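The structure under discussion appears below in the form of structure tokens.
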Ligand SMILES: [Zn+2]
């Protein structure tokens, strides 16, 4: 991923900054530029989502995405955040058999990848089971 | 001096490797090593962890404990000898990740294992001078030890973050004084483009660690007219379990004063994080009025000594973030091959 | 609007076609379709080509011109249509609309993908670009992983089993054995699916469609002119297309594709046909769970019972509603851009009664269901015999 493309999403990747519509109060993550409910009447403002949620579904990835090869098998989940929106995120610091639907998770800050051996490092969110 | 600690936080990765597991690979006697170094196991960073992620988690815990608006932090200094980039600051990553940007100054420090306490001193100066309301200093490392080197038994990962502010009702500890002792002593180094540090073997002991730690401690005690008996706790840099106890004994401190802040036996040497995690562990259990001595050591070489008195705010702030013991007890063991993979000793 | 009929179909062999190039494949499928329709290339008015990503697979964009040129069809208008794995279905729909509107009479709807000129890992990465790059792929999602997330949730909500999913693969391989064009002519068992290497659990290797080269082509004509070319024109009775969030996590349900339901609703309404009237269907089984979800979304069974009806043989040839008689994406192969067109070709052959050993007896009405990404795009067509 090109540097500017990673860089411009840093607030969302580091701090779960999404948007909330001042008109209908719906929270979006990732951020939106138009409220799907209110369209141009909507008033979108930045909104920081709470870093907690629960697992809606999960999979144990054995054939990795590019850049994730050294982490297999890893758990990828869809997590419903307390504020409502769902995200896709890796569940880190856990074995492949440790995640179940309904598990509570918190968001942690982790290294997500790199642009090759000489390129920039990508950081962002993963989740971790709440013990 | 009119400054205090407003908040602190630590982070220690979940994975551990036992001395036995490493000794097995190199054909060494684990019992001899455990006795010699007084280390049982060390923390290992997960493959998706580095100094920046450790620093961020520690910083977030510090902000939680401080209960402050991160926008009021005027400086972030990250001390480490394992910054993820050779050029490009770790401190900006932390600043962004705790939402302290953009009205602050930030920089990375490097002074072997004492870059974190150097950051605290810099913050003390800036806050005392009225340059900023709060300054944050972090010491964090994912320390490298060459395979087969004695350092491999101890080189660990972890970090501590401290927020310095004016000494008022907000502070959970008041800083009474600080004293540094620095000489040019090449006991341990890593050259440009080299993956692992080199060291002078036994030369790292007497002329390096002990000389600097003891001189800094003596200097501070003299300056403040204190004796070891004036302190409830003493935290010394802890490259292994043995050195800090020896230094304490030479200075006249008891084992009881040192043990609450001695983490190396359980997590190894977290380098820039070591004395800060030790201090955090003491603050996790101290009572208001307790006096704490902290002496860091960085190879190359130098020591920074601090004297702090714990204040009432500790009781209220302590439980706002995970404690050192929480991290120490949350662990999963890896074998040497997994460790080798995590530490990128194996590259496909 | 005019009624539209398909008067010719043509396919290449599907598989790892090492010695055949992109342009060669397209010409082969096109020539077969023209021959089948008994139409002269000079009569073709326009062409729509479904292709997901020639840019990534062979570093060639602007394939609309490339194909028109090599087909000897310049200067007719030629348009590439892209909707990830639904590109073929979308190209067909554009062609149908062009004929129905009266703008063009004889229109080619084609689909093509050349996937084996890059390593399979690179192909997997190319396919993943159909998912949300910023918020799915960046965090470690692969395409199979997204379907595995659906599968796990389907298992959780409805008790669907890995065995039932495996049965989809077993059935589709069995059908593929009867299809000369199919990539695989090998029978597999539930046990071999369950024991195949894990890809992204609960999905295993034999739950996944393969990487395939292939091209497919159909020729469309206004229904009133179709009889000049064939005694069995196949009418496009209804077409429907719908969209949804590109990212799976942004959708209300993980166990149903809203885009597919909406597209089906549109096609059923346009044709006046109901699910119970459909004699057979080609559905988008890029993964075994996808077929189970598809037959639920299309109304062939109750929500949550896709696994059960598969197990009971209702979707096999000879069952209540045969699904993927061609072998589906799983058995026939999945050259992504070609799939939507190849599905239509199978239904045409079946409704003409020309499907050989896999023929569904007395088939009069057939349906195709083609999905892009993890469900961000879906297109459904309903066909009926026009004689
Ligand atoms: Zn709104």
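Chains as they are written, first to last, in the working numbering: chain A, 2 to 132; chain B, 120 to 467; chain C, 458 to 844. Yeah, the Cβ is synthetic: ideal placement off N, Cα and C, and Gly gets one too. What you are looking at is a predicted structure, and each value in this text was computed from that prediction instead of being measured.
Who are the Cβ neighbours of residue i in its own chain at under 8 Å, not counting the five residues just before and after it?
i                      : result
residue 331 of chain B : 300, 301, 302, 304, 416, 420, 421 and 422
residue 715 of chain C : 699, 701, 708, 709 and 832
residue 357 of chain B : 363, 381, 382, 383, 388, 393, 394 and 397
residue 791 of chain C : 542, 666, 667, 668, 669 and 743
residue 734 of chain C : 822
Pop quiz: residue i and residue j are said to be a contact at Cβ under 8 Å. What is the actual Cβ separation, rounded to whole angstroms?
i                      : j                      : result
residue 621 of chain C : residue 768 of chain C : 5 Å
residue 215 of chain B : residue 108 of chain A : In fact, because the Cβ distance is near 15 Å, the residues do not count as touching under 8 Å.
residue 249 of chain B : residue 279 of chain B : Not a contact, Cβ separation roughly 26 Å.
residue 474 of chain C : residue 482 of chain C : 7 Å
residue 353 of chain B : residue 412 of chain B : 4 Å
residue 182 of chain B : residue 213 of chain B : Not a contact, Cβ separation roughly 10 Å.
residue 427 of chain B : residue 246 of chain B : Contact doesn't hold; Cβ gap of about 14 Å is too wide.
residue 273 of chain B : residue 201 of chain B : Rounded, the Cβ-Cβ distance is 14 Å, inconsistent with contact.
Excluding the five sequence neighbours on either side, which residues of its own chain have a C-beta within less than 6 Å of the C-beta of residue i, listed in chain order?
i                      : result
residue 59 of chain A  : 76, 78 and 100
residue 458 of chain C : 557
residue 617 of chain C : 611 and 764
residue 92 of chain A  : 76, 78, 100 and 128
residue 450 of chain C : No statement about residue 450 of chain C is possible, as the shown extent of chain C runs from 458 to 844 and does not include it.
residue 593 of chain C : 704
residue 328 of chain B : 362 and 416
residue 129 of chain B : 177, 279, 396, 399 and 443
Is residue i near ligand 1 - that is, is its Cβ less than 7 Å away from at least one heavy atom of it?
i                      : result
residue 590 of chain C : no
residue 665 of chain C : no
residue 22 of chain A  : yes
residue 85 of chain A  : no
residue 43 of chain A  : yes
residue 128 of chain A : no
residue 38 of chain A  : yes
residue 95 of chain A  : no
residue 25 of chain A  : yes
Per DSSP, what kind of secondary structure is residue i in: helix, strand or coil?
i                      : result
residue 455 of chain B : helix
residue 330 of chain B : helix
residue 125 of chain B : strand
residue 274 of chain B : strand
residue 322 of chain B : helix
residue 577 of chain C : helix
residue 746 of chain C : helix
residue 209 of chain A : The shown model of chain A, from 2 to 132, leaves out residue 209 of chain A, and the question about it has no answer.
residue 289 of chain B : coil
residue 415 of chain B : coil
residue 735 of chain C : coil
residue 400 of chain B : helix
residue 157 of chain B : coil
residue 604 of chain C : helix
residue 317 of chain B : strand
residue 629 of chain C : helix
residue 97 of chain B  : No statement about residue 97 of chain B is possible, as the shown extent of chain B runs from 120 to 467 and does not include it.
residue 391 of chain B : helix
residue 694 of chain C : strand
residue 752 of chain C : helix
residue 27 of chain A  : coil
Below 7 Å CB to CB, which residues in the same chain sit around residue i once its five sequence neighbours on both sides are set aside?
i                      : result
residue 20 of chain A  : 29, 32, 33, 45, 46, 47 and 48
residue 800 of chain C : 739, 825 and 827
residue 469 of chain C : 482, 485, 486, 671 and 672
residue 379 of chain B : 352, 400, 401 and 404
| Cβ contact check for the segment 484 to 502 of chain C and the segment 560 to 576 of chain C: 3 or more pairs under 8 Å | Look at the beta carbons and you see the segment 484 to 502 of chain C touching the segment 560 to 576 of chain C: at least three pairs across the two are nearer than 8 Å.
Worksheet item: If we count Cβ pairs, one from each stretch, closer than 8 Å, do we get three or more for the segment 217 to 233 of chain B versus the segment 111 to 130 of chain A?
Response: As far as the Cβ criterion goes, the segment 217 to 233 of chain B does not touch the segment 111 to 130 of chain A, which means the pair count is below three.
For the segment 808 to 820 of chain C against the segment 660 to 674 of chain C, are there 3 or more C-beta pairs whose distance is under 8 Å? Verdict: no, contact absent.
Q. Three or more C-beta pairs closer than 8 Å, one from the segment 512 to 532 of chain C and one from the segment 598 to 614 of chain C: is that the case here?
A. No: the two stretches stay apart, fewer than three of their Cβ pairs being nearer than 8 Å.
Cβ contact check for the segment 232 to 241 of chain B and the segment 371 to 381 of chain B: 3 or more pairs under 8 Å: As far as the Cβ criterion goes, the segment 232 to 241 of chain B does not touch the segment 371 to 381 of chain B, which means the pair count is below three.
inquiry  = For the structure I just gave you, are there three or more beta carbon pairs, one from the segment 153 to 160 of chain B and one from the segment 128 to 142 of chain B, closer than 8 Å?
reply    = Output reads yes: the segment 128 to 142 of chain B touches the segment 153 to 160 of chain B.
- contact_flag[the segment 262 to 270 of chain B, the segment 313 to 326 of chain B] where n(CB pairs < 8 Å) is 3 or more: Output reads yes: the segment 313 to 326 of chain B touches the segment 262 to 270 of chain B.
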